[in-house]
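K.L.:
Take this structure, written in structure tokens, and hold onto it; I'll ask about it next.
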Amino acid sequence: MTRTVLMNAGPWLPVPPDGYGGIENVVAALVPELRRRGIRVLLATVARSTLPADERLTSFPGGQFEVLQRPYNQVSGVAHAHLHAVVRALRDRHDIDLVHDHVEVVGLAVLAAAALAPAAPPVLHTLHWDLHKHADFYSGLDAGPRVRVNGVSASQLDRAPAALRRHSMGHVHLATPLAVGADRRPLAEKAGHAVVMGRITPGKGQHLAARLAHECGIDLVLAGPVGPYQQPADLTEAGDAAAANPDVRYWEDEVRPLVDGIRVRWIGTVAARERNSLVASARVALFPLQWEEPGGTAVIESLALGTPVVGLSRGCLPELVEHGRTGWLAKSPDDLAALVQAAGQIDPRECREQAARRFTPAMMAARYADLYEQLISGSVPRAGEHAG
Ligand code: UDP
């Protein structure tokens, strides 16, 4: 029987994203594989998205990412307007078998309420974020029998509040289209640089990466946005107005003093081929994490592109990186310098083989299709049985 899934990608960025966008990259990897399996996808996103789907439901013309780090009273209307459009679709049509939601907190709260209506479809809400941010909400969660969540790593769920874990169907690791045939692509030539691919934000530890580059004498490229500012010129143009943003303050206070434009460079957001060749040609991808990274899209992309990972052993890293085979993980930042020097001992072919074996969109879609069936057929274990 053909199933129809309403895939709620949220209002923040187009799918696929133009550059930065972890959740949107994962949705872009998942949807084509679900459709290949015969699942119809109604994609709730912004109008500028180009990902093919069976149908689309749009709330805003373009991504609202630049609004995201504004104060709550300026940002909450965006998420709710998008969810309101989703709930109206659920009210007006009767062919949706399940909602797969990716919108932080608001998605779960609103869809849990909507799922109380008779004949409303079940909901699977994927937790892409640091769960500690929302402990007040998760620790009292009681979303009813037809609403379930999944994590993006085991370590993320291990640390989740008990009430949230009672709603869990387990974890599904992220995937990247770069993993498909990763082991068969010609190996990229390695240049000398290290790379950090991601938002410039305290959790990703760019200040530690920059210190490391100076200490080890290796070139470092930082790619990614600072808050809503995609390129260095955007940040310069914003002037003093940008300083209210916490990621801008991190950049100014802790990272920028170490960015000399020679040894350490910030190149802004990179996309598509430029991103892939920057990562594939790097000798090492650095993840000196200062938070419990939940899913690590950039980690699996590095492996798929044949670039060893060196980072701190926290969050999802120990699940994704095999110490000594696809990278090196340290307990303390003091141990990273030696591991950066040892990155050459890791075989890029092993990184790519593991990515091709573990992180393909087809594998992720198979897991989700299975979770959808359990929810639609009502064969979901009672709350708590799947915890973890
Ligand atoms: N990214 C990109 N260009 C950049 C910086 C990041 O394409 O300049 C992508 C990166 O490749 C990854 C995503 O943005 O696909 C970041 O997702 P991740 O899960 O690593 O980080 P988070 O969601 O925590 O920001």
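So for the sequence shown, the numbering used here puts the first residue at 1; every next one is plus one.
Glycine is no exception: its CB is placed at the ideal position from the N, C-alpha and C atoms.
Here the structure is a predicted model, which is why all the values come from computation and not from measurement.
Do V147 and the ligand UDP come close, with the Cβ less than 6 Å from some heavy atom?
P.N.:
no
K.L.:
Could you name each continuous alpha helix (DSSP H) segment of 4 residues or more that falls completely within the stretch 64-110, going from the start of the chain to the end?
P.N.:
72-92
K.L.:
Under 7 Å between the Cβ atoms of G268 and P232?
P.N.:
yes
K.L.:
Under 8 Å: do the stretch 46-55 and the stretch 318-337 share three or more Cβ pairs, one atom per stretch?
P.N.:
no
K.L.:
Got a sec: does the ligand UDP put a non-hydrogen atom nearer than 6 Å to the Cβ of E301?
P.N.:
yes
K.L.:
When the Cα atoms are used, what is the spatial distance from G295 to G21?
P.N.:
13 Å
K.L.:
My guess is that T297 and A280 are in contact by the Cβ rule of under 8 Å, so how many angstroms apart are they, rounded?
P.N.:
Not a contact, Cβ separation roughly 16 Å.
K.L.:
What first and last residue would you give for the beta strand (DSSP E) that runs through A194?
P.N.:
For A194, the uninterrupted beta strand (DSSP E) segment begins and ends at 194-197.
K.L.:
For the ligand UDP, list every residue whose C-beta falls under 6 Å from any of its heavy atoms, going in chain order.
P.N.:
G19, Y20, G21, G22, N25, M197, G198, R199, A223, G224, T269, V270, A271, R275, G295, G296, T297, A298, E301
K.L.:
Can the beta-carbon of V124 be found closer than 7 Å to that of R148?
P.N.:
Correcting the residue identity first, residue 124 is Leu in this sequence and not Val. The answer is yes: Cβ separation under 7 Å.
K.L.:
Counting C-beta neighbours from all protein chains within 10 Å, is the total for N73 16 or more, i.e. buried, or is it exposed?
P.N.:
exposed
K.L.:
Checking 7 Å against the spacing of the C-beta atoms, do Q105 and F137 come in under that value?
P.N.:
First, the residue type needs correcting, since residue 105 is Val and not Gln in the sequence shown. Result yes, Cβ atoms of V105 and F137 sit closer than 7 Å.
K.L.:
Smallest Cα separation from A223: which of R211, K204, D240?
P.N.:
K204
K.L.:
Using 8 Å for Cβ pairs, my map puts V299 next to L317. What's the rounded Cβ distance?
P.N.:
About 7 Å separates the Cβ atoms of V299 and L317, confirming a contact at the 8 Å cut-off.
K.L.:
Which residues bound the alpha helix (DSSP H) around R352?
P.N.:
348-358
K.L.:
Cα separation between Q341 and C216?
P.N.:
8 Å
K.L.:
Check the C-beta distance from P361 over to E33 and give it rounded, since I have them as a contact under 8 Å.
P.N.:
5 Å
K.L.:
Starting from R249, trace the alpha helix (DSSP H) both ways and give me its first and last residue.
P.N.:
246-250
K.L.:
Using DSSP with H/G/I as helix, E/B as strand and the rest coil, what is H297?
P.N.:
Per the sequence shown, the amino acid found at residue 297 is Thr instead of His. In the structure shown, T297 sits in a helix (DSSP, three-state: H, G or I).
K.L.:
Note the first and the last residue of the continuous alpha helix (DSSP H) segment covering R36.
P.N.:
22-36
K.L.:
How do the stretch 57-68 and the stretch 236-254 stand: do at least 3 beta-carbon pairs fall below 8 Å, yes or no?
P.N.:
no
K.L.:
For the beta strand (DSSP E) holding M7, just list the boundary residues, first then last.
P.N.:
4-8
K.L.:
When DSSP labels each residue in this structure, what does F137 get in the three-state scheme?
P.N.:
helix
K.L.:
Rank W291, H100, S153 by C-alpha distance to the C-alpha of P202 and give the top, closest one.
P.N.:
W291
K.L.:
If you follow the alpha helix (DSSP H) that T236 is part of, which residue opens it and which one closes it?
P.N.:
232-238
K.L.:
Mind checking who A450 pairs with in its DSSP beta bridge?
P.N.:
Residue 450 cannot be examined here, being either before or after the span of the chain that is shown, 1 to 388.
K.L.:
In the DSSP assignment, find the beta strand (DSSP E) that holds A44 and state where it starts and stops.
P.N.:
40-45
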